[in-house]
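Engineer: Numbered continuously in our numbering, the sequence shown closes out at residue 417. Glycine included, C-beta positions come from ideal geometry on N, C-alpha and C. Right, I'll just put the structure down here and ask away after.
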Amino acid sequence: MLALADPADLDKGPRSTKSGTERMCAVTRVVRPIDELIRFVVAPTGEAIPDLKRKLPGRGLWVTANRKTVAEAVKRNVFSKGFKKPVKASPTLADDTDKLMIRGLIEALAMTAKAGAIVSGFTKVEDALKRQNAQALLHASDGAVDGIRKLDGIARQNAEFGENSRPLPIITVLSCDELDLALGRSNVIHAAVLTGPAGKTFLSRSQTLVQYRMADDDGNANAKAKLKHDLPATASLTETSDDITSDDNATDEETVRTRTTQQD
Numbered sequence: 154m155l156a157l158a159d160p161a162d163l164d165k166g167p168r169s170t171k172s173g174t175e176r177m178c179a180v181t182r183v184v185r186p187i188d189e190l191i192r193f194v195v196a197p198t199g200e201a202i203p204d205l206k207r208k209l210p211g212r213g214l215w216v217t218a219n220r221k222t223v224a225e226a227v228k229r230n231v232f233s234k235g236f237k238k239p240v241k242a243s244p245t246l247a248d249d250t251d252k253l254m255i256r257g258l259i260e261a262l263a264m265t266a267k268a269g270a271i272v273s274g275f276t277k278v279e280d281a282l283k284r285q286n287a288q289a290l291l292h293a294s295d296g297a298v299d300g301i302r303k304l305d306g307i308a309r310q311n312a313e314f315g316e317n318s319r320p321l322p323i324i325t326v327l328s329c330d331e332l333d334l335a336l337g338r339s340n341v342i343h344a345a346v347l348t349g350p351a352g353k354t355f356l357s358r359s360q361t362l363v364q365y366r367m368a369d370d371d372g373n374a375n376a377k378a379k380l381k382h383d384l385p386a387t388a389s390l391t392e393t394s395d396d397i398t399s400d401d402n403a404t405d406e407e408t409v410r411t412r413t414t415q416q417d
């Protein structure tokens, strides 16, 4: 099926953002699938805000989903030009968008846990990996290195010698406190998303966040290609799940970790 391309700066509302649609980035003027863009609308206060779930009312303007391009949109006054009226754009809009993505990711992880599709604690995660019952491995971004290294080694070994040769996604974008908040327990350093559909939204949002944090469009495309290969087939770039009803400068380099490994 051919994607539907609309070169106009503004869409006709949230109902016009069907799967497969393409839009033009208001900054780069490049037409992309909406999975690779962020929709922005004008709040009643007259300020540009990200519509990550593509459900907010009003016409929307689309920007390539990476931090650099969102910051450039603010710098070049793209929102006022695109909406053809004065629109305030916070100088911190790129960072604010990142924070909203983190909040949405925490919500998605909490819903995955409520569905019983998360285990946490070094021993339980290790067992899930050895049983090849995990579709993603999570580490706190501020966790200690030793436990992370051991679990990562098991994941790599499974990819090399297990029945499923696909590399296991390893997600390190959430801190210990953020994992605690999502899972409702303290000192969570390691967790695993178990095999099944319940983790689809979390994996999709993780992928989108990593994509957003890449430094430029080329890196963004490379990251998307890599993550599409790494993630299970059930995950995509699009935030399509309706499971979560509440609203919503890391890099791909290794984060310094200081927390100790959680034991059961």
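If you count every other CB in all the chains shown that lies within 10 Å of the CB of residue 166, and 16 or more means buried, which is it?
Structural biologist: Translated into the one-based positions of the sequence shown, residue 166 becomes position 13. Residue 166 comes out exposed.
Engineer: Per DSSP, what kind of secondary structure is residue 360 in: helix, strand or coil?
Structural biologist: In the sequence shown, residue 360 corresponds to position 207, counting from 1. In the structure shown, residue 360 sits in a helix (DSSP, three-state: H, G or I).
Engineer: When the Cα atoms are used, what is the spatial distance from residue 309 to residue 277?
Structural biologist: Here residue 309 is taken as the residue at index 156 of the sequence shown, counted from 1. Here residue 277 is taken as the residue at index 124 of the sequence shown, counted from 1. When rounded, the distance between both Cα atoms is 17 Å.
Engineer: Quick check on DSSP: helix, strand or coil for residue 367?
Structural biologist: Here the question's residue 367 lines up with position 214 in the sequence shown. Of the three classes helix, strand and coil, the one that applies to residue 367 here is coil, per DSSP.
Engineer: Whole angstroms are fine: how far does the CA of residue 263 sit from the CA of residue 195?
Structural biologist: Reading the sequence shown from its first residue, position 42 is the one you call residue 195. Reading the sequence shown from its first residue, position 110 is the one you call residue 263. One C-alpha to the other measures close to 29 Å.
Engineer: Where residue 226 and residue 281 are concerned, what is the direct C-alpha to C-alpha distance, given to the nearest angstrom?
Structural biologist: Taking the sequence shown and counting its residues from 1, one reaches residue 226 at position 73. Taking the sequence shown and counting its residues from 1, one reaches residue 281 at position 128. So the two alpha carbons sit approximately 44 Å from each other.
Engineer: Where do the ends of the beta strand (DSSP E) carrying residue 341 lie?
Structural biologist: In the sequence shown, counting from the first residue as 1, residue 341 sits at position 188. Note, residue 341: premise wrong, no beta strand (DSSP E); not H, not E.
Engineer: For the putative contact between residue 342 and residue 293, defined by C-beta atoms under 8 Å, what is the C-beta separation to the nearest angstrom?
Structural biologist: To locate residue 342, count along the sequence shown from 1; it is residue 189. To locate residue 293, count along the sequence shown from 1; it is residue 140. With 8 Å as the limit, residue 342 and residue 293 qualify as a contact, their Cβ atoms being about 5 Å apart.
Engineer: Count Cβ pairs between the segment 181-193 and the segment 328-345 that sit closer than 8 Å; are there 3 or more?
Structural biologist: no
Engineer: So which of 201, 306, 312, 345 has the shortest CA-CA distance to residue 237?
Structural biologist: By 1-based counting over the sequence shown, the position of residue 237 is 84. Nearest option by C-alpha distance: 201.
Engineer: Residue 377 by DSSP, collapsed to three states: which one?
Structural biologist: On the sequence shown, position 224 is the one that residue 377 refers to. Any reading at residue 377 is ruled out, since the residue's pLDDT is 44, under 50, leaving its predicted position unreliable.
Engineer: On the three-pair Cβ rule with 8 Å, is the segment 295-304 touching the segment 351-359?
Structural biologist: The answer is no - the segment 351-359 does not touch the segment 295-304, with fewer than three Cβ pairs under 8 Å.
Engineer: Helix, strand or coil: how does DSSP classify residue 233 here?
Structural biologist: On the sequence shown, residue 233 is found 80 positions in, with the first residue counted as 1. Residue 233 falls in the helix class under three-state DSSP.
Engineer: The beta strand (DSSP E) spanning residue 279 covers which residue range?
Structural biologist: Position 126 of the sequence shown, counted from the first residue, corresponds to residue 279. No beta strand (DSSP E) holds residue 279; the alpha helix (DSSP H) holding it covers 275-283.
Engineer: With DSSP run on the structure shown, which of helix, strand or coil describes residue 212?
Structural biologist: Within the sequence shown, numbered from 1, the residue matching residue 212 stands at position 59. Here residue 212 sits in coil by DSSP.
Engineer: Skipping 5 residues on each side, what residues in its chain have a beta carbon closer than 8 Å to that of residue 336?
Structural biologist: Against the sequence shown, residue 336 aligns to sequence position 183. Once the five neighbours on either side are set aside, the close Cβ partners of residue 336 are 262, 263, 266, 271, 273, 344.
Engineer: Determine the direct distance from the alpha carbon of residue 193 to that of residue 168, and round the result to whole angstroms.
Structural biologist: As a position in the sequence shown, residue 168 is number 15, starting the count at 1. As a position in the sequence shown, residue 193 is number 40, starting the count at 1. When rounded, the distance between both Cα atoms is 14 Å.
Engineer: Can you give the Cα-Cα distance for residue 250 and residue 203, rounded to whole angstroms?
Structural biologist: Start at 1 with the first residue of the sequence shown, and residue 250 comes out as number 97. Start at 1 with the first residue of the sequence shown, and residue 203 comes out as number 50. The straight-line gap from Cα to Cα measures roughly 7 Å.
Engineer: Pick from 171, 348, 349, 333: whose alpha carbon is nearest that of residue 259?
Structural biologist: Mapped onto the sequence shown, residue 259 falls at position 106. Per the C-alpha coordinates, the member of 171, 348, 349, 333 positioned closest to residue 259 is 333.
Engineer: So the alpha helix (DSSP H) residue 225 belongs to, where does it begin and stop?
Structural biologist: Counting from one through the sequence shown, the residue named residue 225 turns up at place 72. Unbroken alpha helix (DSSP H) run through residue 225: 220-228.
Engineer: Assign residue 332 to one of three DSSP states: helix, strand, or coil.
Structural biologist: As a first step, residue 332 must be located in the sequence shown, where it is residue number 179. In the structure shown, residue 332 sits in a helix (DSSP, three-state: H, G or I).
Engineer: Which first and last residues belong to the alpha helix (DSSP H) in which residue 250 is found?
Structural biologist: Counted from its first residue, the sequence shown places residue 250 at position 97. Segment 246-267, the alpha helix (DSSP H) holding residue 250.
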